[in-house]
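Keeping their order, the protein sequence lines are chains A and B.
Start counting the first sequence at 1; every next residue gets the next number (our numbering).
Start counting the second sequence at 1; every next residue gets the next number (our numbering).
We put the CB at the ideal spot given by N, CA and C, even for glycine.
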Amino acid sequence: MKLTFSDEAEAFRQKIASWLAENLGGEFAELRGRGGPGDEHSLVSERKAWEARLHAGGWTGIGWPKNEGGQGASLEQQVIFHEEYARAGGPGRMGHIGETLVGPTLIAFGSEAQKRRFLPGILQGLVFWCQGYSEPNAGSDLANVKTRATFHAERNEWTLSGQKVWTSLAHESQYCFVLARTDPTSVGHKGLGFFLVNLQQAGVVVRPIEQLTGTCEFNEVFFDEAVCADADRVGAVDGGWQVAMGLLGFERGASTLGQQMLFKNELADIIRHAKRNGAARDPMLRQRIADAEIGLRIMRANSLRMLSGSSDGSLQKEAMIYKLYWATWHRNLGKLAMDVLGAESEIVEQAPYGLSRLQAMYLFSRADTIYGGTNQIQRNIIAERALGMPREPRG
Amino acid sequence: MIRDTAASFLAEVSSPAAVRAAMVRAEGHDQQAWQRICDEMVWQALHIPESYGGMGLGYVELIALLEQMGRFLFCSPFYATVCLGANALLVAGTESQKTTYLPKIVAGSTATLAYTGSNGGWGADSIELIVAPHNGGVVLNGKCRYVPDGASAEILVVAARSKGSHGMSGVSLFVLPQETAGLTRSWLPTMDQTRRQAELVFDNVQLDSDAIMCEPGAAWPLLEKIIDLATVAIVADQVGCAQQSLDMTVSYVLQRVQFGRVIGSYQAVKHKCADMMVKAESARSALYYAACIAAEALVDGELGADLASAASAAKACGSDACFFNTGTAIQLHGGVGFTAEYDVQLYFKRAKSSETFLGDSAYHRERLAQRLLDEGAGDEINL
Ligand SMILES: Cc1cc2nc3c(=O)[nH]c(=O)nc-3n(C[C@H](O)[C@H](O)[C@H](O)COP(=O)(O)OP(=O)(O)OC[C@H]3O[C@@H](n4cnc5c(N)ncnc54)[C@H](O)[C@@H]3O)c2cc1C
Chain A
1 MKLTFSDEAE
11 AFRQKIASWL
21 AENLGGEFAE
31 LRGRGGPGDE
41 HSLVSERKAW
51 EARLHAGGWT
61 GIGWPKNEGG
71 QGASLEQQVI
81 FHEEYARAGG
91 PGRMGHIGET
101 LVGPTLIAFG
111 SEAQKRRFLP
121 GILQGLVFWC
131 QGYSEPNAGS
141 DLANVKTRAT
151 FHAERNEWTL
161 SGQKVWTSLA
171 HESQYCFVLA
181 RTDPTSVGHK
191 GLGFFLVNLQ
201 QAGVVVRPIE
211 QLTGTCEFNE
221 VFFDEAVCAD
231 ADRVGAVDGG
241 WQVAMGLLGF
251 ERGASTLGQQ
261 MLFKNELADI
271 IRHAKRNGAA
281 RDPMLRQRIA
291 DAEIGLRIMR
301 ANSLRMLSGS
311 SDGSLQKEAM
321 IYKLYWATWH
331 RNLGKLAMDV
341 LGAESEIVEQ
351 APYGLSRLQA
361 MYLFSRADTI
371 YGGTNQIQRN
381 IIAERALGMP
391 REPRG
Chain B
1 MIRDTAASFL
11 AEVSSPAAVR
21 AAMVRAEGHD
31 QQAWQRICDE
41 MVWQALHIPE
51 SYGGMGLGYV
61 ELIALLEQMG
71 RFLFCSPFYA
81 TVCLGANALL
91 VAGTESQKTT
101 YLPKIVAGST
111 ATLAYTGSNG
121 GWGADSIELI
131 VAPHNGGVVL
141 NGKCRYVPDG
151 ASAEILVVAA
161 RSKGSHGMSG
171 VSLFVLPQET
181 AGLTRSWLPT
191 MDQTRRQAEL
201 VFDNVQLDSD
211 AIMCEPGAAW
221 PLLEKIIDLA
231 TVAIVADQVG
241 CAQQSLDMTV
251 SYVLQRVQFG
261 RVIGSYQAVK
271 HKCADMMVKA
281 ESARSALYYA
291 ACIAAEALVD
301 GELGADLASA
311 ASAAKACGSD
321 ACFFNTGTAI
331 QLHGGVGFTA
341 EYDVQLYFKR
351 AKSSETFLGD
361 SAYHRERLAQ
371 RLLDEGAGDE
381 INL
């Protein structure tokens, strides 16, 4: 396990750190520390403008290959980018889904024409994307997707009908990648297609859903004969599942270390409150604060292990435990924050329901163990894929 | 590499039958196996610098070895000799003590460290043995308890404090051979029979000045470093135990059938196994990080400054993981897990002695909390 970065990498760190220091000011100063988990509904147009600024500085698509318009940055450099970005209080990335999910998926599975059509908009921070996987009856059991895609040979296009749900930031996105059934007689993961659907059309209705935080970050998305050109289908007509799974594989990666920097800032915040209000003298809270620090150290060591291990992106054991570990840790941190604040934890910053950062973190952290594969599903995955135990029976 | 060599050698000398045979011997280990380690494997010399006759490898390799020893419940004076005795000499010995004793360890002499008194704590306050000046040397009076392999170790490093001193002040370290007049050693029978502990009673034990290790009365910072290095090492044993308990459990639940299915197909069982893997892997991550830091600390590198925190983080999480995994192993084995015949109980007992030794998880979390929350702690979290 390597504990330090190369000199070359440290020089790269200097470069991104000073660019951020220069650019995350002026019109963008208010974005510092905003738009992260629990705050993703905030300052949306400002954060979109920030994406374009990032592009102007050459800081979008840094992990993409050079010949696809990216920077071809090494894994080490990407880690440093994310660390410095979080350290500087860089705002939650509006372009996150496009850059980390859609881009790599098109680079791996897309046609040349699709890459030419969609990658530039993502890189320039002009086109925003959302993820249309979950449906009312397809959550953990994603293969149960029922949204129908029907091909019209004469127009060489598809029409989609059905409903997606929990679609984060759909109301702020132009495009959605949609998993839909191309073969109406199929069941399970066979007979699914993967479509890049323009949301700005008559056949699409996006309805925000209020979350327990009182704000709206996710939506229901209704498709009623929504149109999608055949050229905007990725992979084989019945090969959408492979594309969808490939995409999920891109969800982990270099950004995890950046996420830890956010976590670290939150814990530092909690420690400041504990010292101020005397919670730091409570023996039980001392144990829990130390435990949170230990968890943070474990996540960091775990990432260093991932980085020192295979760089070909193959999933290792320490990677498999990661989602379950961080989600549970963060949910506990939310509870710890409230317990440290004591009576004051109840009082919101602003009537009627303007939550403080830590309150929003506490509430939003309940979602961490649900999205991206619930804790129970993570345990199934670990047991089945890492430990070789029997698969769950299916109904 | 070293991991695979260690695993295949230990599979032979530390088979379940060999462990059970060693457990009932007075000294708690098989002398022949220890001799083979010293002669064939030369593991006792692994991290001792070449200038003292050692192999000059690092702490990371040592940790890989210890992890396998935990996995195979290895009964041996290795930990006490290398992770307590040799480390103490390396960190606090004078040059002449190092040249006297380290080559002896390389040649197969056993060693240990004694510092805790009857109070059974693990910090500076736990030192109860009293030292006083005497004829240009010193005289020791009092007791040390819970000393690993304390009744058989040939070289002893002991901590004592000056009368009336408290906490970190007044602490000194000494190195002495086992045959020292006034010293009485006796085994303390233990619940975990794969390890031996002893009580050392000092009745007017007189030592020459050349037994004094570092600056008299100011030894605590060095002793703390020795303890932290030993702490990282015991976590390796915990990780090995935690992993082996998981492996044994998975293989058991995949062959045991109830209600017409292997019990490993029930989700309640699968999820417990998944949790065991999370515990083992996260403790391993904390351990590997701490091992890198320990390697740095041994050469006084800059990153070594994080040793105390890294060791406490690893011990807290290693203790929890090892207890959880060995306890869950018994649960998922059902009735057979409660028998003397099945090995899971041996891991469960070893887990408890590893957890207690050098401080349990609550002790180490509190130690971290002091660094994070108390007077002098900055607002920055050091990561
Ligand atoms: C804040 C947030 C943002 C989201 N954003 C998106 C998005 O942008 N795009 C998108 O497509 N989706 C999104 N989701 C949806 C998310 O992926 C699903 O909520 C998740 O997969 C769980 O599905 P479900 O809600 O239908 O719950 P269910 O699958 O019905 O699960 C309910 C409970 O049953 C348990 N359970 C289910 N199956 C099993 C099993 N086999 N074994 C044991 N326990 C089981 C679950 O663990 C859970 O506790 C988001 C969700 C949240 C909370």
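- Of the residues A:Arg305, A:Gly235 and A:Leu336, the one whose Cα lies closest to the Cα of Asp282 of chain A is A:Leu336.
- A distance below 8 Å separates the beta carbons of Arg207 of chain A and Asn219 of chain A.
- Interface with chain A (8 Å Cβ-Cβ cutoff): Leu188 of chain B is excluded.
- Residue-level contact check: Met361 of chain A does not touch chain B, since none of the beta carbons of chain B fall below 8 Å from its beta carbon.
- At the C-beta level, Pro148 of chain B and Tyr79 of chain B come within 8 Å of one another.
- Residues of chain A with a Cβ closer than 8 Å to the Cβ of Arg365 of chain B are, in chain order, Arg286, Gln287, Ala290, Asp291 and Ile294.
- Take Gly53 of chain B, set aside five residues on each side of it, and the residues of its chain with a beta-carbon closer than 6 Å to its own are Pro103 and Val106, in chain order.
- Taking a C-beta distance under 8 Å as the contact criterion, Leu332 of chain B and Val269 of chain B qualify as a contact pair.
- Of the candidates A:Gly90, A:Gln71 and A:Gln77, A:Gly90 places its Cα closest to the Cα of Glu51 of chain A.
- In this structure, the alpha-carbon of Ala295 of chain B lies about 32 Å from that of Ala327 of chain A.
- Under the 8 Å criterion on CB atoms, Glu61 of chain B is classed as non-interfacial with respect to chain A.
- Excluding five sequence positions before and after Ser109 of chain B, the CB atoms of its chain that fall closer than 7 Å to its own CB belong to Glu154 and Ile155, given in chain order.
- Not a single C-beta of chain A is nearer than 8 Å to the C-beta of Tyr115 of chain B.
- Taking the Cβ atoms as the reference, Cys322 of chain B lies roughly 5 Å from Cys241 of chain B, within the contact range of under 8 Å.
- For the segment 339-352 of chain B, no residue has a beta-carbon sitting nearer than 7 Å to a beta-carbon of chain A.
- DSSP lists no beta-bridge partner residue for Trp50 of chain A.
- Any Cβ of chain A closer than 8 Å to the Cβ of Gly56 of chain B would place that residue at the interface, and such an atom is absent.
- The C-beta of His171 of chain A has 16 or more other C-beta atoms within 10 Å across all chains shown, which makes the residue buried.
- Listed along chain B are Ser265, Gln267 and Lys270, each with a C-beta nearer than 9 Å to that of Glu392 of chain A.
- Listed along chain B is no residue with a C-beta nearer than 7 Å to that of Tyr85 of chain A; the closest approach is about 16 Å.
- At a C-beta separation below 8 Å, Glu281 of chain B has these neighbours in chain A: Asn302, Lys317, Glu318 and Ile321.
- Taking Trp64 of chain A as reference, the option from A:Gly35, A:Ala17, A:Glu84 and A:Leu119 with the minimal CA-CA separation is A:Leu119.
- When the Cα atoms are used, Leu75 of chain A and Leu307 of chain A turn out to be separated by approximately 8 Å.
- In the three-state reduction of the DSSP assignment, Pro208 of chain A falls in the strand class, which pools E and B.
- Taking the Cα positions, Gly239 of chain A is about 34 Å away from Gly38 of chain A.
- Using a CB distance cut-off of 8 Å, Leu3 of chain A counts as an interface residue toward chain B.
- The beta carbons of Leu129 of chain B and Ile226 of chain B sit no closer together than 8 Å.
- For Ser18 of chain A, the three-state secondary structure derived from DSSP is helix.
- Contact annotation: the segment 30-41 of chain B does not touch the segment 371-388 of chain A, with fewer than three C-beta pairs closer than 8 Å.
- Chain-order list of chain A residues neighbouring Leu332 of chain B: empty, with the shortest C-beta distance near 12 Å, by a criterion of under 7 Å.
- For Arg161 of chain B, there is no enclosing alpha helix (DSSP H); the enclosing beta strand (DSSP E) covers residues Ile155 to Ser162.
- Interface residue (Cβ-Cβ distance to chain A less than 8 Å): Ala369 of chain B is classified as such.
- The beta carbons of Ala301 of chain A and Ala286 of chain B sit closer together than 8 Å.
- Membership of Arg181 of chain A in any alpha helix (DSSP H) is not indicated; the residue belongs instead to the beta strand (DSSP E) covering Tyr175 to Arg181.
- Of the other Cβ atoms in all chains shown, fewer than 16 fall within 10 Å of the Cβ of Ala26 of chain B; this residue is therefore exposed.
- Ile347 of chain A is classed as exposed because its beta carbon has fewer than 16 other beta carbons within 10 Å across all chains shown.
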